[in-house]
Amino acid sequence: MALHLKPLHSNPDLIEDTIRLVKEAWPESLAERLRLLETSHCKGVPCSLALAESREGVAEEVLGHVRIVRVSPESENRFYLEAVTIKKSRRKEGLGKKLHELIADYAKKTFGARYIHVSVLTEDNERFYRRLNYNQYPVYAPQIAPNVLRTYRYARWDGAIIPEEVKYLYEDGEYRKPDEPGIQSIRRFVKDLDS
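In UniProt numbering, the protein residues as written are 1 to 195.
See the structure below:
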């Protein structure tokens with residue numbers, strides 16, 4: 001068994017399986033956008049990557065997905081991870097850790113990344129990222145907000161107010177106040193790839 005991180009724009013044969021995987025994790029997501037975004041013309045970031053397993057005599061199997069986005073145009077060495085998932089039937093096999101090792105290597109070699117940012121919604125995910133040497137990132141970074149707001153429709157930054165200029169990025173066009181029911185608290189974490 002060999003695991004590889006493969007860019008979807010240069011591996012169109014993996015797109016259909018990746019769409020199914022993303023929809024398995026987020027049934028209401030617009031995973032079909034991958035069809036439009038990940039073409040042979042898509043170079044650099046944002047970039048969707050599939051964690052693929054290859055075994056002799058068997059077709060490659062998509063086991064995971066991540067989308068890498070630059071934090072902001074001014075932050076050449078800071079990247080944000082979106083839509084990170086592992087196939088449900090293959091969880092608890094160490095694939096999440098392996099996916100993040102491959103992400104760090106790919107981001108460093110391909111984009112010159114030094115910092116990887118993630119957003120965390122659950123305590124289980126927080127423990128997972130802490131085990132991978134991610135540290136909580138206490139400073140609100142408005143450059144990340146547009147990506148997070150599109151990913152987590154009813155989310156707010158824990159302890160921070162979303163600036164007026166990014167509120168329009170909610171898909172339904174409506175800003176929800178932090179005390180409204182159904183709002184999840186997002187904690188931000190960062191990993192220094194040079195440490």
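Ideal Cβ placement from N, Cα and C applies to all residues, glycine included.
Practice prompt. Mind listing, in chain order, the continuous alpha helix (DSSP H) runs of no fewer than 4 residues lying wholly within the stretch 50 to 128?
Written response: Annotation note: the stretch 50 to 128 contains the following uninterrupted alpha helix (DSSP H) runs of length 4 or greater, listed N- to C-terminal: 95 to 111.
Worksheet item: Exposed or buried, what is S10 when buried is set at 16 or more other beta-carbons lying within 10 Å of its beta-carbon?
Response: For the purposes of this step, residue 10 is taken as the residue at position 10 of the sequence shown. Per the 10 Å Cβ criterion, exposed.
Item to complete: Please indicate yes or no: does the CB of I103 lie closer than 7 Å to some heavy atom of the ligand ATP?
Response: Looking at this structure, you won't find the ligand ATP or any other ligand, since it has none at all.
Worksheet item: According to DSSP, is L5 helix, strand or coil?
Response: Mapped onto the sequence shown, residue 5 falls at position 5. Secondary structure at L5: strand, using DSSP grouped into helix, strand and coil.
Practice prompt. Would you decide whether T85 is buried or exposed? Buried here means 16 or more other CB atoms lie within 10 Å of its CB.
Written response: Translated into positions along the sequence shown, residue 85 becomes position 85. Label assigned to T85: buried.
Fill in: S195 burial status per 10 Å Cβ neighbour count (16 or more: buried)
For the purposes of this step, residue 195 is taken as residue 195 along the sequence shown, with counting starting at 1. So S195 ends up on the exposed side.
Worksheet entry | the stretch 54 to 63 contacting the stretch 11 to 27, beta-carbon criterion three pairs below 8 Å | Note that the stretch 54 to 63 touches the stretch 11 to 27; at least 3 beta-carbon pairs, one per stretch, sit closer than 8 Å.
Worksheet item: Taking the C-alpha atoms as reference points, what is the distance between A99 and S75?
Response: Numbered from its first residue, the sequence shown carries residue 99 at position 99. Numbered from its first residue, the sequence shown carries residue 75 at position 75. Per the sequence presented here, residue 99 reads as Leu, with Ala not at that position. If you draw a straight line from the Cα of L99 to the Cα of S75, it comes to about 23 Å.
Practice prompt. Count the other C-beta atoms from every protein chain shown that fall within 10 angstroms of the C-beta of H4, then say buried if there are 16 or more, exposed otherwise.
Written response: Along the sequence shown, read from residue 1 onward, the residue named residue 4 stands at position 4. H4 should be labelled exposed.
Fill in: DSSP-derived helix/strand/coil call for D192
Within the sequence shown, residue 192 is the residue found at index 192, counting from 1. Strand, per DSSP.
Worksheet item: With distances taken between CB atoms, is the gap from Y80 to D192 smaller than 8 Å?
Response: As a working mapping, residue 80 is identified with position 80 in the sequence shown. As a working mapping, residue 192 is identified with position 192 in the sequence shown. Contact: no.
Worksheet item: Quick one: Cα of R78 to Cα of R188, how far?
Response: In the sequence shown, the residue the question calls residue 78 occupies position 78. In the sequence shown, the residue the question calls residue 188 occupies position 188. Their backbone Cα atoms lie some 13 Å apart in a straight line.
Worksheet item: Cβ atoms of I103 and V66: under 8 Å apart, would you say?
Response: Along the sequence shown, one-based indexing puts residue 66 at 66. Along the sequence shown, one-based indexing puts residue 103 at 103. Yes, the pair counts as a contact, with Cβ atoms nearer than the cut-off.
Item to complete: Below 8 Å on the Cβ atoms is my guess for T45 versus Y134; work out the distance and round it to an integer in Å.
Response: As a position in the sequence shown, residue 45 is number 45, starting the count at 1. As a position in the sequence shown, residue 134 is number 134, starting the count at 1. Here the sequence assigns Val to residue 45, which means Thr is not the residue at that position. For a cut-off of 8 Å, the C-beta gap from V45 to Y134 is around 20 Å, too long to register as a contact.
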